[in-house]
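Protein chains in written order, with the numbering used here: chain U, 183 to 702; chain G, 4 to 683; chain V, -16 to 466; chain H, 1395 to 1504. Backbone N, C-alpha and C fix where the C-beta goes; we use that ideal spot for every residue, glycine too.
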Amino acid sequence: MDVSNWPILSMLIFLPAVGAALIFFIPWRGDFLPKTLALLVGAANLWLSIVLFRSFDPTSADMQLVEKSAWIPELGASYYLGVDGLSLFMVMITTFMVPVAMLSSWDQEGRRQDLFYGFLLLLETGLIGIFLALDLLLFYAFWEVMLIPMYLLVGIWGGTNRRYATLKLIIYTMGGSLLMLVAILALYFFHHAQAGEYTFDITKLYETPVPPHALLPMGLAFFVAFAVKSPLFPFHTWLPDAHAESPMAGAVDITGLLIKTGAYAFLRFLLPLFPEFSTSYAPVVVTLALIANLYGAMLATVQDDLKRLIAYSSVSHVGLVILGIFVFNVQGIDGAVFMMVSIALCSGGLFMVVGMIHKRSGTKEISQLGGVWKDMPLLAGFFMFFTIASVGLPGLSNFVGEFLIFVGAFKVGVLYGVLATFVMVLTAVYLLWMFWRVMLEKAPVRARPWQDLSMVETITLTIPAIVVVVLGVYPKILLDRIEPSALKLVGQVKKEAAQMDYAAKENSIRLAKTERGESE
Amino acid sequence: MVEGRQVFDLLWLVPAIPLFGAIFNCLLGARAGNLIVSIVGCGSIGLAFALSVCIFRAFLDLPPEDRMIEFCVFQWIAAGNFLAPIDLLLDPLSMAMITMVSGVSFLIHVYSVGYMEKDKCFARYFFYLNLFVFFMLTLVLAGNFLVLYIGWEGVGLCSYLLISFWYEKRTAAAAGLKAFVVTRFGDFFFALGIMLVFVQFGTIHFHSVFEDPAKVIDSRMAMWIALLIFAGAVGKSAQIPLHTWLPDAMEAPTPVSALIHAATMVTAGVYLVARCYPIFELSPVSLQIVGITGLLTAFISATVALVHTDIKRILAYSTVSQLGHMFLALGVGAPAAAVFHLLTHAFAKALLFLGSGAVIHALHDEMDIRNMGGLRQYIPATFYTFTIGALAMSGIPGLAGFFSKDAILHATFVNGGFLMWALIVITASMTGFYTFRIIFMAFFGEKRWDVHIHHPGTVMVIPLVLLALLAAVGGYMGVPHVLGGGDRISNFLAPNFGNPEVHATAEPSNKGVALAAEDETAVVESEEAAESEKVLEGVTAETLAEGEGHAPAGSPEMLLMLVSAVMAFSGVGLAYFFYVTPEGREVPAMLSDKFGAVYNILTNAWYFDKVYKAVFIDTYMLMSEFFWKAVDTAVIDHAVRGVAGSLLGGGSIISSLQLGLVRWYATVMVLGAIIIILYI
Amino acid sequence: MEIALPIVNLGTILPQLIVVTFAVAALLIDAFYRNVLSVFIVSFLGLLLALCAVYSQYGVAVPYEESMVAINGYTVFFNAIFILVAAATMFISLGYVDLTGVDGGKYYPLILLATLGMMLLVSSRDLLLMFLAIELLSVSSYVLVASQQERWVSNEAAIKYMLTGAFASAFLLFGIALVYGATGAIDFVTIGRKLSGGQALLHVQVGIAMMLVGLGFKVAMVPFHMWAPDVYEGAPTPISGFLSAGSKVAVFALLLRLFTDPFSVPHVDWVSALWWISVLSMTVGNVSALLQTNVKRMLAYSSIAHVGYMLVAVVVLGERAMEAALLYMAVYATTGLAAFGCVAYLSKGSEERVNMQDYTALAYSYPIQSAVLSVCLLSLAGIPLTAGFIGKFYLFGAAVNSGFIGLAIIGVLNSAVSLYYYLGLLLRMYAMPEGAAEVVMSHPMAGRLVLAVLGITILVLGVYPSPLLGVIKEVVAAIASPV
Amino acid sequence: MQPEVIQSLLQIGPTHYLVLGATLFSLGVLGFLVRSNIIVLLMCIELMINGAGITFITFCRQLGSLEGQVFVLFAMVVAAVEIAVGLSIVVLVFRNRSTLDADKMEVLKW
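Laid out in structure tokens, this is it:
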């Protein structure tokens, strides 16, 4: 059918909301129908995002499929959506992970599953909104609203200590972003003072030079908001709690999607809005990122709670992503975006496996597990797969992102490169050690052996696994589309660097050409 | 049968076929029976071997100067100017490697069919093994650093999986983790090396990097790159100080030890250094370090092998020691010799491992040679093949090991100086000793066991025989000129390493090694190097003029051979004296009492493991614990909780001012009013 | 000496007339027939007609100079709000009244009278009418608070409210006296002219301060807030809503006018005083709400905090601040009323459900009330896509715009704190029920409908506030020219 | 002290009335704060209102305008109303609690 003239972005955002509304307001009998409906909606959205992917022009660095219409003209806020190389795959991974998360909790116990799935859909709406919004107010709206379903997911279906975890989550993240609100307002009025119009359109705000005296506080407000969400080193302690207490799908979405919004926001807002801030304070941020990177890995080593362990591992990975963002070169940013997609898949996969173990054993404590392989070889296979994927084995998706970030960091400073790269050792240590303690050795005596994966579970794990392999073997699918926007962003942040990169790219391509010429 | 050049377009199939085998065994292996699994497993490798042989034949038809074929499969990673296509590179070095790798793996696969038949995880085993072969072939065929890195990490992974194959054994799990992490530590440096290469050269493509590195980098930068790459090699090839994982890796099924931890993967480091030789040549220092590391490793691990009693561990330490030989060869500027030794050692050591596997199999997983003995008449086939392997290993003239090791010794003497030569010769004799110690203790003497012998099936014997054949005659690919041979191997490898003669004789850097070994000052070294430069030209010119064969250097070369042969024999003889002749019987015990301290050092493998555990692992765990408890929980979390708590406390205080008394309310109002009045 | 008697044109006070007439009528009906339903209907009719009358005044302008009861956008806007609030309160009281033993016959007419007080308050042009309106409002609300004669807390709340209220109005009166003495006039225009011309007189300052005390009491700003938690807790729940949505807004609307024009005098530094009061109100309100276990009391404290937010507008002043204030008041009226309404409609049988514990897993027994209440909580917390966010956004925007960054920052930090208790209650309502769900009390349909409408309004205003913003801009533009 | 100052002090003028009003008001406030019987509290409020009234009268004498007097009339009415309502509530409370002590009314607090 002809999709060229559909408002595809809006559909992506609001289809899940509609689905959620249906689930909430129709008095269903039992859980099965609403669950199926939710899954269908998720799948439909995935299909929409594939349509989006197909109609995306990989050569252009500009905003594509733009939809713009007045929203609150009195405030100069507009309903302004657009997609570019940076957001395209954020959207796709979201639409991909949500159905997977639904499948992963398909046969989880607990009452009112219909609400659970409804909230998942709402969460999807919020996330996609964040990734597509080009209007600062619209973005802020999604940014905050998205937390509510997350909050309820964890708070209602979470573990025993969920109340503490959820309040921590909400206070951290919302408290962090409220100061950003003030900064947004300040920017808004600065823009009015200079351009004489009230607008939240970021493409216009990009041009607004921030007066030096306001640069630090405003930049800081944005930075903290995003750093908390990411989460970056000193602001990360909400993550392990939220993880440990959240239900499986919730956890999958936190790792996979929620924390990506922070890193994405760095790319979309902080860097282009405050280039001077970003460049002049980059050393600080990079230091924090490196600390997070190694520190997270170290803490992951000594965790006994599987979910906490993986939470800290994603702290470490996110540190890497932010490092990639703040080295301001095309390798770093390509790598960062790629890495975000990859984390969603790998850590998400790990989470699902852990959830499945938890469902059978009733515990997340590593010390109480062991020898799981014997009962569940199939699960063991998947566990091993996602583990080595997270370890960063070449040929699987994580490696591409990691290595590009390493290279990017190394180009900027040898020390950065060395410290960042060292994490590959620590990652191997804590992940494989975890695998050993959970899977290998003799199992403690159990009443009856645990069932290996069910059909649904196998499918659930297979789908992301396949994608991990595909991305690892043929990353060009992503990289080609990320690159123009990445180059443009680098250009926005620091001009001369951009020229350098362009030139380098040109001659390297020529070089490659000649090489190919020899080889064929 | 494809003929001519287009056979090279099938190059990508060489790794691909094992991959298909692996995928098949992974997905369907569990359902398909052992038979199909083994057919697919061995068959895929066999095909790969056959293909590489055809390619080899076609390759030999090419004139030496264009024996360099590149083949780009597809563009892999491209970000900015960082381009990493999947491209394969076929040159003499990789040609030799793929042939050896596919061949040896084929034999070992066949052997495994017999060895693993009882195991329930048969399919999983062959999945891992095929996967390993795929990665190994990728490694040796790689056309740029990152593709090589794929193979590099991949083989590491497979080794991890296979070491902890019997996952219910705690030791196996531990050994697997140790192997992966230790090698990963080396890989960390290797990765840095790759980045440095990229930053310096703007590309990671072998051809463009090695064409003329001197144009781009000075010797200092070359040293950095070389050392980083070498560190990677040290990890993978179990050189000191990262060698500790290899002995533990013997937890793996024996065929795996034969394939991965003797023949192929552990030699990847040697291959890597050989591959990057142009960069190493630029910096004398790096070559010195390579050489010295190799020498020390060879010596130390040989000493450890002397006293161990676990048959596989002895072989493991001997592997480490032999790898040391190879690095020494690289260090003293005889890469061809290194590769030569790599090949011969692959045959011999694979043979030895498989033989020991047969022994262990026969004695129901008995590994301690003290509980063996008199096996000669029970499993004769194993005995004879094993002996051939041992002879080849310990460098008895006429067999493979002799020629390759001799090439190394010669190069060491010429470029390394007397001290290094002496040390390596002593090592050679030790090799003879410990190898034959196994034979005498296991196959001779009275039987110290009472179980029903498993006789190795034909499937296991045939590979033994074939390998024995290779181990025996493999050396004739590199008979030196002095023995009227054509030293074919180094000529074949010439496109990689230049004219063999040049390397075999003086080379400034290696002169440097000698001087370093005799510790003289760097200043002298440099000028020495300078003048020996001239010497070099002279010599080469003259040798080239005189053409092949009898160089004046010939006679000392013969002498050297003689000495090394004598040393080898002496080692064997000593072993015979200690473990066979009645009067020698109690000498070992006596010695171990007399030199208790030394003996302890040796039995504890020079305390590497204990030191590492104390220094690295424990401190790391302590630090992590500290960060978690002190920083994360105590500082950050408490700060957050503190804010929340103070708010709640403030709330309780303020709302407790709400006394509920009308007059109090009025009082507050009045006070407020007064304050406002005064304020306004 | 001759006195210029103020001209009163009946047309201009039509809404007020309607309201008072119907109130009296309703009282008579109650006196003679004692039929609560008919009283309700009559009162509701009165409000309906009054609303029409107010609507008919939309666009008409009778300046303060000409009439004692002026008409302009401002008055029309607020009168409409008050009438709607009153109507909603009546509906919300529907089931509640007969459940909790309130004499409906007096109850509804009193609501009308209170409404009349508010209406007169916003449209008053001089201190006299202002004073009378405030008194009318207060006195009727004392009675309303006391209307649950049997419940002790209701009585206590009433007595406290009455005593402190009278105390405060005495302050107001004295303040008025002083201002009058200083200016010799009671109508705002003259006062303004005199003050701006005049020099710093002691009794001007004292007067303004004392009027601030009187008015501040009515809007429950710190430190004159202490009555609010007690009264809101003790009063019948719909009345608590009515007080926070109605009388508070009305008095605040007046405050805004007073401090915009007549009292905006250079030599009286009440801006910084109000700055402090605003900050204190926010902080005290939010912080003491954190620990409350009684929902009504929590909402009371939160309403104190919201007064703090509204005061930001008074501190900032200017056209934008005026718009922000109007918007915020409209939003707050809706939200506060709806929130208390939900609490009223969650009562189990005759006694109210005020204890937080009793809210666990309520959403599965009372979906509509819980949904609306959650929307209200989100809106009060200022989560985007609810009306509350737009209000806060506009308000802090005004503050930032005129350079009160500090005030804005304190404001947002406060709303961060407030998240804790709002969302805590929200989560509690949606927690999974442990035991069997309790038997569901049936509450009148009409009231639940009204609640639903309020909830939807909050959401709609949050998503698409343009129409309301348009109206407000019009209003402010209309009265922007000095009155 | 100069005689004319004493003169002006002895001469009853507007200041005296203002002071009187203020004093009355303050007495009312003080009474409100110190006494605890509700009836007395209501009387104190009366005092305050009257103080305000006197101030009004004084000012309108001074300014020669009538609004003040009008205001006072209304204020008296209002005071009456408040007392009426207040007393009715007091009666209600007394019926339920049979006490008039304002300090006893502290169920609602914190």
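Whole-angstrom distance between residue j and residue i, CA atom to CA atom
{"i": "G:Ala395", "j": "U:Tyr477", "result": "51 Å"}
{"i": "H:Val1472", "j": "H:Gly1458", "result": "24 Å"}
{"i": "U:Glu623", "j": "G:Leu180", "result": "13 Å"}
{"i": "U:Met606", "j": "G:His458", "result": "46 Å"}
{"i": "H:Leu1481", "j": "G:Val643", "result": "52 Å"}
{"i": "G:Val620", "j": "U:Val611", "result": "Correcting the residue identity first, residue 620 of chain G is Ile in this sequence and not Val. Using only the alpha carbons, I get a separation of about 10 Å."}
{"i": "U:Val655", "j": "U:Met521", "result": "14 Å"}
{"i": "H:Leu1502", "j": "V:Gly301", "result": "40 Å"}
{"i": "G:Pro511", "j": "G:Ile382", "result": "Bear in mind that a pLDDT of 40 at G:Pro511, under 50, signals an unreliable position, so the model cannot answer this."}
{"i": "G:Pro400", "j": "G:Thr461", "result": "30 Å"}
{"i": "H:Val1475", "j": "V:Val122", "result": "8 Å"}
{"i": "V:Ile12", "j": "V:Val337", "result": "34 Å"}
Contact under 8 Å by Cβ, residue i with residue j
{"i": "U:Leu316", "j": "U:Asp383", "result": "yes"}
{"i": "G:Gly235", "j": "G:Gly189", "result": "yes"}
{"i": "G:Leu142", "j": "G:Leu151", "result": "yes"}
{"i": "V:Leu214", "j": "V:Val105", "result": "In the sequence on display, residue 214 of chain V carries Val and not Leu. Cβ atoms of V:Val214 and V:Val105: not closer than 8 Å."}
{"i": "U:Leu148", "j": "G:Ala81", "result": "Residue numbering for chain U in the displayed model covers 183 to 702; residue 148 of chain U lies beyond these limits and cannot be assessed."}
{"i": "U:Ala668", "j": "U:Asp516", "result": "yes"}
{"i": "V:Pro367", "j": "U:Tyr322", "result": "yes"}
{"i": "V:Ala460", "j": "V:Asn55", "result": "no"}
Coil, strand or helix - residue i by DSSP
{"i": "V:Val43", "result": "coil"}
{"i": "V:Ala218", "result": "coil"}
{"i": "V:Gln352", "result": "helix"}
{"i": "H:Leu1503", "result": "It is Lys, not Leu, that sits at residue 1503 of chain H in the sequence shown. Three-state DSSP puts H:Lys1503 in coil, outside helix and strand."}
{"i": "H:Gln1456", "result": "helix"}
{"i": "G:Leu681", "result": "helix"}
{"i": "V:Leu184", "result": "coil"}
{"i": "H:Gly1422", "result": "helix"}
{"i": "G:Asp409", "result": "helix"}
{"i": "H:Asn1431", "result": "strand"}
According to DSSP, residues forming a beta bridge with residue i
{"i": "G:Ile391", "result": "Answer by DSSP bridge pairing: none, since G:Ile391 is not bridged."}
{"i": "V:Asn338", "result": "V:Asn277"}
Exercise. What alpha helix (DSSP H) runs, 4 residues minimum, are completely inside the stretch 32 to 89 of chain G?
Worked result: 37 to 64
Problem set entry | Those runs of the alpha helix (DSSP H) which lie wholly inside the stretch 409 to 478 of chain U and span at least 4 residues | Fully enclosed alpha helix (DSSP H) runs of 4 or longer: 420 to 427, 430 to 435, 441 to 447.
Problem set entry | Complete runs of the alpha helix (DSSP H) confined to the stretch 167 to 233 of chain G [at least 4 residues] | Qualifying alpha helix (DSSP H) stretches, in chain order: 173 to 204, 209 to 213, 216 to 219.
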